[in-house]
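I have placed the structure first, in the form of structure tokens, so that the comments after it can refer back to it.
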Amino acid sequence: MTSFTKEQEKAIYDSNIDILVSASAGSGKTTVLVERVIEKILHHQSIENLLIITFTKAAASEMKLRIKNAIKNKIKEQPDNLFLKQQLAKVDIANISTIDSFCLEVIRKFYYVINLDPNFSIMTDDTQLSLLKEKALLNTEKYFFENKDQEFIDFYNNFAGDREVEAARSMLLELYYVTLAQPNYEAFLKRLDFFYQIDINKNDIISSNLWQEKIKPLLLTNLQNIINKISQYITEAEHNFSDLNKLIEQLNLFMKSLNYLLAGIEQNLNYDEIRSRFSNCNFVGRLRRSSNWDESSTNLYQEISEFKAKCQDQLKKLFASFFITDEKEQLELLAKAQKLVKTISKVELTFINEFGKLKRKNNIIDFNDMEQFAYKILTSNSNNSDLARSYYQNKFSEILVDEYQDVNELQEQIIQVIKEKGKNNLFMVGDVKQSIYGFRQAQPHLFLQKYHQFSNEVQSERIILSDNFRSSKNVTQIVNNIFDALLTENFGGINYQKEGRLQYGATYYPDDLGTSTEFIFSTSNDDKPSIADEEEEVNDLDEINLVITRIKKLFKDDYQVYDVHSKLKRSIKFSDIAILTRTKSENLKLFQAFANAKLPLFVSDIQNYFKAFELVIITNYLKIIDNPQQDIPLVSVMRSPLYGFTEPEFAKIRIASRSTSFYDAIINYIQTSDDELSIKCNNFINELSHFRNFSIDHRISELICDIFQNTHIIELVSGMVNGPQRRVNLESLYERAQAFETSGFKGLYQFINFIKRMQKNKYDFSQPLSSKDAQDAIKLMTIHGSKGLEFPIVFLIGLNHKYQQADTTNNYVITTKSGLGLTITTADYRIDSLVKSYCNFEKKLQNLEEEIRILYVGLTRAKQKLIMVSTMANENIIPDFQNKLDAHNQLPFIDKSNAISPMSFLGPELFANQVNTLCLSDIDRELDKEDKVHYIQVMQLKSQASVKISNQSRSDLSDKLLATVKTLYNFNYPFQAATTTTSYQAVSEIKKAFEYPNDKESDNSKLINSANKYLMPISDQPAFLKKANFTGAEIGTAMHLLLQYYDYTIEYSPTNVDDLIENLVLQNKLNPDIIPHLSKHDINWFVTSNFAKAFWEKSDNLYREIEFSSLISANNLFHNFNDVNDKILVHGTIDGYFIDDDGIILFDYKTDFVDRSNLELAINNLKKKYAGQLSLYASALNNLSDKKVKAKYLILLSINKIVKVD
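Read in order, the letters of the sequence shown correspond to residues 55 to 1260 in this note's numbering.
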């Protein structure tokens, strides 16, 4: 029986009250949620009366499966409980789904409340939806332009005239997603200008809502933080350093000016007065170091100097944001911006309505519609709406919400509408530290509001699950140390030190297990910084090589992983390792590097679709077909393998025409030259002209097809690395062009702009790569993709890559709290409105808080071992991280708010104290067991030293070289036999060595030649998961799977097999097409046999599909093997064994054909055939266990016989 902690029991059993469960990583929240549901059912609440909302469809499927299995276990305990059996039948139709699926049910049941055609379809193709949205936007623009709406023209002009000509359209599309996540989007749009409003009677900034609610608190917080820190320095210097009087005097003067500014803000002095005080708020004098100071004084001086620089930088940013102009101009800018925002609200609403009309015309709805329509059905002021609302309020006795930290405003209101005091309760589970879906409009503040509210209310309850049953003690400790320094109430919304710390709960890990945390970093002797580019966030190849090297060493050292299910340690497998990244932009580089290193790597998404080589060529070709006067796309196409122009050829063309476009230069070269290059240019121009003429009277899809046929690009890329995927990419572009035209769009220019917009929004049309996702492969995924998963060993990489700041560098910023901030275009310059300036700070803080939460999710995926990897600019950066934490071991707010990369958050804790660095070769099993962080440094040299040849004559050198070559060539390796086999063998490959020598199949099998083992291609999935036509071996594998997962803990029923098959299909472990080929009779025969009787009685003693590794002398396997001490690592999988009181019973399932005409002989042949294999299994078990194998059996399923093997 599962034991629960006190807090878990409260979450399971407390009732008749609203409950918020704050469940930290690895705390078993899903288990608690399932147990709560079972507890409700045991108290005769039907599962039909529970609404269980999950974040993903996969989570909903898993939840259903776990609830069904839990009910089955209860039925075993109460076999006569009819109610439980009824509940089991109802699980599949119960309301266990995503919020979207629930909303869809509301719409299908009550569609008439909003006069919706019930025969609607759901639009699931994102591309088609984008095209329809594009059409709605074009129609909206057409409407306003045709009506010569000057306000609309002013709005577009404010964003036009620079390279960001698409900014206005992009803003409308981005605002669409934010708006549609609001419960009353029309009201939200009307309030969009709220913080631009100025009291016309006072006509000043200080009395405005913007200043009082937003800017003033921001300024006070920042200034007070600086003052507090200076005060600490002054106190420390006065009490401990008598030689710093001059420095103390300067700090006092600086603090006095800050207090003067602070007082003016608190007293609400007029804007220009505050501006004046701000401009005079400077650090007077220079900090000068004295040669008479001791080391402590010098260190404090250095620390204060660094803080002074940060302060001045922070003050400059604040002044530039909020006081760059005087009050008169600021008021004019606010008035102009308010007018624009009102226009934008009007245009956005028109766009939403137009998009809705197009969807209704096609009788389709999308995911945004699902939530909006459901909310409208449940909240409209009508009798039908009252009926719908009452129906759900009465139906559900409890509403259980998983991943509550990721709900948005609209989803929250839908949940609140269904909840009715006295009729039902809310049970919400989540972890604000894992809210990482801001791009999906998740609002973690909703969780935080209840988190703080429920801690003080009598009619509600807050439960904190802090025990981490996933991670080793080392992982738990480093996570706590890092986030103790980062998460506070003013940064992240929670005091981690008091309320968020993980408690070590995974006490099942053995004490001698290797769990030490590692921080592997490379440094360069180059003094220049080397942080990755802001847009690309590339993973440096040095970093990839560090990961590859460490993985290889883990295998070389036979690193041991603890298997929770078997409760044994085993050798590491590739599938134990996960590499987590912030983005997937460099996945292709990682994939190629691992392929070169011969390490299996599974990557779900290799790269951004539009960055693929073949797509770059084709999109550039389309650009020059539309307009050839574009130098960069033109040269890109010419230089590609399609035409093969070289740099010298480009230079030759350009020299002949220096002042024209490159297209005109090509035409001029053709006309004035008569050489091979001229012919080459002429051929290219002729083909380009053909495509341009073809585009005039043909569809875009036909043009793309014509390019494919004439340039042979498909054949070209098919022969490249990852060719099948490249071909799919090109075909996908053709299909998207067809969809573009089918949706009513026309014109190559419009299609090119559509592609640009998809690129800017980082939209991905690509399909998963046609690479092999082998089960035993290292997993590479983004941190977002890893949420909810766990891995024995986690590598976290890309820690020095800059955070993306595009949200605050655009001409607009959208936040749900403060609205829409605009940059205003004047006759002479562009300037941020005060609302935009504030939104920049708010958005940056939101982004950085989410980055911390993303970091938390990444670090807490590790079960046994965490390895962080980073490239550092140079060794001098490490001291910059030291001495940053304050007296409470927390990173000051000023440092957190100016973080530029994950290392900005990690570095101050990792390097809080002086660290002793190791080399990678230093790490061994003993060091790995230490309860600490190991710092592993790799120095990357800037350049290789030149090698000087000595004064020795070349002839002497040649003679020595020749002699050395002869020695190496004639060398006889003493262990030649070892080079023709591998040190790793599978049981299936060497089983003949242990068979009976009189078996015709195994003549001389004891004397296997020392030859390389066959390396068969490993499928990405078992064949029985993919094919429609199945071999006997594949059917046998599927039968093994059923026997592996058969549940002996529930009451026997012939239908158990059907339930098992259903579960395996649901989990994508079994192809439904193979089901007709499986013998349920054979399964039921075995599980009801006398042999299996003990399995039902003592199921805990039964072990199935157990992998093992064993060292066997090479002489026992290979004839004439001349290294008598060499060992071969044998690996295999035991079908099953049962631990009896007096020994182990070993058994192996066989589905071989058995000749019934001569049954005795056929059985004897099978016993001889598999005797060696069972001997290896028995030998391995005898070495692993205190008990010895007492009997070995073959389970011959095809003839329903159990045969003992001597």
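The C-beta atom is built at its ideal place from N, Cα and C for all residues, glycine as well.
If you ignore the 5 residues before and after V1259, its C-beta comes within less than 8 Å of the C-beta of K1221, Y1224, A1225, L1228, K1246, Y1247 and L1248, all in its own chain and listed in chain order. Pairing E572 with E408, the inter-Cα distance amounts to about 55 Å. Here E205 has T397 as same chain residues with Cβ atoms under 6 Å from its own Cβ, once five neighbours each way along the sequence are excluded. The bridge partners DSSP lists for S76 are G484 and I518. A881 is not bridged by DSSP to any residue.
Contact annotation: E228 and I868 have beta-carbon atoms nearer than 8 Å. H98 carries a coil assignment under DSSP once its states are collapsed to helix, strand and coil. The beta-carbon separation of S399 and L243, rounded to 4 Å, stays under the 8 Å limit for a contact. In the three-state scheme derived from DSSP, where H, G and I count as helix and E and B as strand, H1185 is classed as strand. By the beta-carbon neighbour count (other beta carbons within 10 angstroms, threshold 16), T352 is exposed. Residue pairing for G546: DSSP places it in a beta bridge opposite T542.
Burial state of L354 is buried, judged by a 10 Å Cβ sphere holding 16 or more other Cβ atoms. Contact between V455 and M424 is absent: CB atoms are separated by about 17 Å, not below the 8 Å threshold. If you draw a straight line from the Cα of S526 to the Cα of R907, it is about 20 Å long. The three-state secondary structure of K475, taken from DSSP, is coil. Judged by DSSP secondary structure, E452 falls within the beta strand (DSSP E) whose first and last residues are E452 to V455. A distance below 8 Å separates the beta carbons of Q459 and F501. Listed in chain order, the non-local C-beta contacts of Y239 below 6 Å within the same chain comprise T233, local neighbours out to five positions each way being set aside.
Distance from the CA of L600 to the CA of I809, rounded to the nearest whole angstrom, comes to 37 Å. Cβ-Cβ separation between A560 and F537: approximately 18 Å, too far for a contact (criterion under 8 Å).
Burial check for T379: the Cβ neighbour count within 10 Å stays below 16, so the residue is exposed. Fewer than three beta-carbon pairs drawn from the stretch 681-696 and the stretch 856-867 are found closer than 8 Å, and the two stretches are therefore not classed as touching.
Per the C-alpha coordinates, the member of G1190, P946, I631 and K938 positioned closest to V615 is I631. If you look at P846, you'll find it in the beta strand (DSSP E) that goes F845 to L850. Runs of the alpha helix (DSSP H) lying entirely within the stretch 639-689 and spanning at least 4 residues, in chain order: 641-650 and 667-680. One thing to note: K430 has its Cβ no nearer than 8 Å to the Cβ of I107. Apart from the 5 residues on each side of it in sequence, P498 sits with its Cβ closer than 6 Å to the Cβ of Q459, V486 and S489 in its chain, given in chain order.
Taking 8 Å as the cut-off, the beta carbon of H1131 is found no closer than this to the beta carbon of S1163. In the three-state DSSP reduction, V992 falls in the strand class (E or B). Within its own chain, the residues whose Cβ lies closer than 7 Å to the Cβ of K473, once the five positions on either side in sequence are excluded, are I453 and L480, listed in chain order. Taking C-beta atoms under 8 Å as the contact rule, A190 and L412 qualify, at a distance of about 5 Å. One thing to note: L1096 has its Cβ within 8 Å of the Cβ of V1111. With respect to the C-alpha of D420, the residue from I1089, D154 and S955 having the closest C-alpha is D154. Here the alpha carbon of H744 sits roughly 24 Å from the alpha carbon of R708. N528 is the residue among N528, V969 and D976 whose C-alpha sits nearest the C-alpha of L556. Non-local beta-carbon contacts of D521 in its own chain, meaning distances under 7 Å to residues more than five positions away in sequence, involve T59, S81, Q557 and G559 in chain order.
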